[in-house]
Amino acid sequence: MRRILRLTALRVRRQFLDWSGTWWFTITLVANESLVPLAGLFVWSAVFPGDPRVVSYFAALIAVQIMTASYENHTFSETVYQGTVSHELLRPQPVVIGPIGENLAIRLWMALFGLPPAVLAGFLLGATYRPADLLLALPALAGAAVLRFLYTWILALTAFWTERVHAVVTFGGMLMALLGGAVAPVSLLPGPWRTVAQALPFHAMLGLPADIAIGAVTGPAAVAALGRGLAWIAAFTVLAAVVWRSGARRYTVVGA
Amino acid sequence: MIAFNAWRWGVAVVVAEDLTMRYRVPVRAGGLAAALASVVRRRYRDVDAVRQVSFEIAPGEVVGFIGPNGAGKTTTLKMLSGLLHPTSGELRVLGFTPGQRKAPFLKQIALIRGSQPVGGSQELTVLDALDYQRLLYDVAPGDYRQTLAELTGLLDLGPLLERQLRALSLGERMRTGLALALLYRPRVLFLDEPTLGLDVTATAVIRRFLAGHAAQTGATILLTSHYMADVESLCRRLILIDHGRVRYDGPLRELAARLTPYKLVRVSAAGATRPDFAAAGEIVEHADGRWVLRVPRERVARVTAALLTSLDVADLAVEEPPLENVIDRAYRDGLA
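Here's what the structure looks like:
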């Protein structure tokens, strides 16, 4: 386990160095991740003018988007298409260490470029948070980061079966935006839809940390939501292992 | 299937027995109707890339694995390194089943492809990549420094160490790929077209390095190349594969003897004329007093003796026909 952690840390360092040469591209990623929450901010500010929770929620959501962004369809899937995943298969380490390392490195760069303007914009627009809620939001943010990586990783693994992985991941991203709280805060959805959205994994990937940060989900409801997030992480971990084995098996049977 | 004998596991580094790789590829006829039909009913065809290939390689052997395009060379190398699972047959490399890709196995082999000599992140410097490789393969710091110094000298890596991988030329990438692969001193090397696309100088460097490495370390090497000079300079044994089947497995010299029942006799003789060679053999070339004759192998000794006594010979040499010609003939006419 220590070796795995050491290799992961090395990979993060290596990918952090790698991405240092494309800082301008990282800024475009930050802008792209901020677009949907900004659209939500404009729309819901018009619906509830003067409600400070709208600004607070969407400012927090931008931060969550930036810190949980996952691009495995661009990073890992391309190595499947180009055949360079073969290099990774022949290394004496689990292949997933590479995508995890790159994911964390990209998020670090995005946080460096994206968080300062997001915090500044939130401050200027009047976003307010209670420190206790922000603290409680941290485990939800960590859970969202893990869950969103697993979700994107599983979708990206479809590259072993189809050359249209970007369509698959885009569809998955749309579902996440629709039911995860980016298009509309889950707490504002009509009754049945809210129940469904809370039960699905998308809320834990995106909207939950923002909901907890603004105090919309507190106490036992927050604990239950965190528990659901952990359950989804466990389920997605198992699913990712199954899909990886199946995909790697296909890659090594059909052709590398 | 032939049972594997216990002693062979101890002797051979690579053992392949009836190795077969069959791909299932989708097919359909041209046109709109066939395209629509394929939506509801897909048709497939089996393609046999490798068929019942068997061979063994002893420790320290350097073996040339050659064949025309599509013969199954790269597919075989991928199976040997663990990138492909054979459809059937038995395979052991260093006592491991390659397809399981266990860490102790992966730490003892390297697959280097001329088409992709360096994988992974391209923004890193060569030194960063080597350092990462050291940690990945648990190379002790002392060994790392020693091996790096050796490789830097042999592959002239000094000017490259601080450069980014993406900025390297093809020859530099291959030298770097070799350094990355040899840093952890693998016992078995699978080289897939290591001189592909390289210029004369870079090719010579790679050949010299590989010959020296094999001699010094006793590493087992299986090499594919379309350049017969690679094979001639590195390999005593040749495995020739065509249409997925092994057509020849044996010494390089024997293949030449088997395919070309003649040798080339080069003679420089002042004043010699065409009739002087009439009984010697077929004249292949003639220019400036130099003659090249094609002489049946069994007659070479008698012909050279006769030429030396009957002509004023300044120089005489007996040569095997160029390997390119031998292999070309094997590809075209087979080895039956």
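Residue numbers (the numbering used here), protein chains in the order written: chain B, 320 to 575; chain S, 42 to 377. Don't be surprised by glycine CBs; every beta carbon is placed ideally from N, CA and C. Nothing here was measured: the structure is a model prediction, and the numbers come from that model.
Neighbourhood of residue i by C-beta, 6 Å cutoff - its chain only, sequence neighbours within 5 removed
| i | result |
| --- | --- |
| S/Y85 | R65 and P67 |
| S/A44 | Interpretation of S/A44 is limited by its pLDDT of 40, a score under 50 that renders its predicted location unreliable; no figure is taken from the coordinates. |
| S/V159 | L206, R214, T217 and G218 |
| B/W363 | V373 |
| S/G123 | P139, G140 and R142 |
| S/Q174 | L221 and L224 |
| B/R569 | F479 |
| B/W342 | none |
| B/A437 | I381 and A382 |
| S/M42 | Low confidence applies here, because S/M42 scores a pLDDT of 36, under 50, leaving its location unreliable; read the following figure in that light. D59. |
| B/L444 | V374 |
| S/T244 | T236 |
Closest residue to residue i among the options (Cα-Cα distance)
| i | options | result |
| --- | --- | --- |
| S/F318 | S/L77, S/R343 and S/S95 | S/R343 |
| S/L171 | S/A53, S/A190 and S/G155 | S/A190 |
| B/P356 | B/P511, B/F377 and B/L545 | B/F377 |
| B/E352 | B/A382, B/A523, B/G417 and B/F395 | B/A382 |
| S/R370 | S/W332, S/G123, S/I324 and S/T301 | S/T301 |
| S/L195 | S/A220, S/G212 and S/R175 | S/A220 |
| S/L334 | S/V359, S/S351 and S/A346 | S/V359 |
| S/P363 | S/T345, S/G155 and S/V306 | S/V306 |
| S/V56 | S/N366, S/L121, S/T128 and S/A75 | S/L121 |
| B/A463 | B/V366, B/F367, B/G538 and B/I385 | B/I385 |
| B/S375 | B/Y448, B/P458, B/A518 and B/I419 | B/Y448 |
| B/A475 | B/T514, B/E397, B/T571 and B/Q412 | B/E397 |
| B/G417 | B/F395, B/D370, B/R569 and B/A379 | B/F395 |
| S/L118 | S/S210, S/L152 and S/A328 | S/L152 |
| S/L275 | S/L77, S/E102 and S/A75 | S/E102 |
| S/D374 | S/E361, S/S351 and S/R288 | S/R288 |
| B/I533 | B/T477, B/P371, B/E391 and B/P539 | B/P371 |
| B/P435 | B/R547, B/G359 and B/A379 | B/A379 |
| B/G359 | B/L439, B/L336 and B/V502 | B/V502 |
8 Å Cβ shell around residue i - same chain, five flanking residues per side excluded
| i | result |
| --- | --- |
| S/V354 | V308, S309, A310 and L348 |
| S/W48 | The predicted model places S/W48 with a pLDDT of 42, which falls under 50 and marks its position as unreliable; any figure quoted below should be read in that light. Hits under 8 Å: none found. |
| B/I473 | F555, L558, A559 and V562 |
| S/A112 | I282, D283, H284 and G285 |
| S/D290 | F96, R278, L279, I280 and L281 |
| S/V246 | L196, D197, G212 and R216 |
| S/W50 | Caution is warranted here: a pLDDT of 48 is assigned to S/W50, below 50, making its placement in the model unreliable, and the coordinate value is therefore given only provisionally. Correct list, in chain order: V56, R133 and G136. |
| S/G322 | Y303, V306, L334, R335, V336, P337, R340 and V344 |
| S/E234 | R154, G155, S156, T265, S266 and H267 |
| S/N46 | Unreliable placement is indicated for S/N46, whose pLDDT of 45 sits below 50; the coordinate value is still reported in the next sentence. Hits under 8 Å: none found. |
| B/V414 | V404, E407, L408, W563 and A567 |
| B/T481 | V487 |
Beta-carbon separation (whole angstroms), residue i vs residue j, contact threshold 8 Å
| i | j | result |
| --- | --- | --- |
| S/G108 | S/L281 | 6 Å |
| S/L237 | S/G212 | With a Cβ gap of about 11 Å, S/L237 and S/G212 do not count as contacting. |
| B/R333 | S/S162 | 6 Å |
7 Å Cβ shell around residue i - same chain, five flanking residues per side excluded
| i | result |
| --- | --- |
| B/S565 | none |
| B/W338 | T345, A424, I425 and W428 |
| B/A575 | Caution is warranted here: a pLDDT of 49 is assigned to B/A575, below 50, making its placement in the model unreliable, and the coordinate value is therefore given only provisionally. G402 and S405. |
| B/L508 | A516 |
| S/M269 | L364, E365 and I368 |
Sheet register partners of residue i (DSSP bridge)
| i | result |
| --- | --- |
| B/V374 | DSSP output for B/V374 lists no bridge partner at all. |
| S/T166 | S/Q205 |
| S/V56 | S/E97 and S/R133 |
| S/G291 | S/L279 |
| S/V103 | S/I262 |
| S/E339 | Partner(s): none; S/E339 has no beta bridge. |
| S/W332 | S/V308 and S/H327 |
| S/Q157 | S/R154 |
| S/L364 | Looking at the DSSP assignment, S/L364 forms no beta bridge with any residue, so it has no partner. |
| S/M62 | S/V91 |
Residue j beta carbon less than 8 Å from that of residue i
| i | j | result |
| --- | --- | --- |
| B/V465 | B/I552 | yes |
| S/S95 | S/L135 | no |
| B/V349 | B/G441 | no |
| B/M524 | B/M493 | no |
| S/L223 | S/V104 | no |
| S/I98 | S/T261 | yes |
| B/L527 | B/A544 | yes |
| S/L125 | S/T138 | no |
| S/L177 | B/Q412 | yes |
| B/G500 | B/D530 | yes |
| S/V381 | S/V81 | Summary: the structure shown does not reach residue 381 of chain S, with chain S confined to residues 42 through 377, and so no result is reported for it. |
| B/R410 | S/L147 | yes |
| B/N392 | B/V484 | yes |
| S/R226 | S/T193 | no |
| B/G340 | B/A459 | no |
Proximity test, Cβ basis, 8 Å: residue i and chain A
| i | result |
| --- | --- |
| B/R321 | In summary, chain A is missing from the structure at hand, where the protein chains are B and S. |
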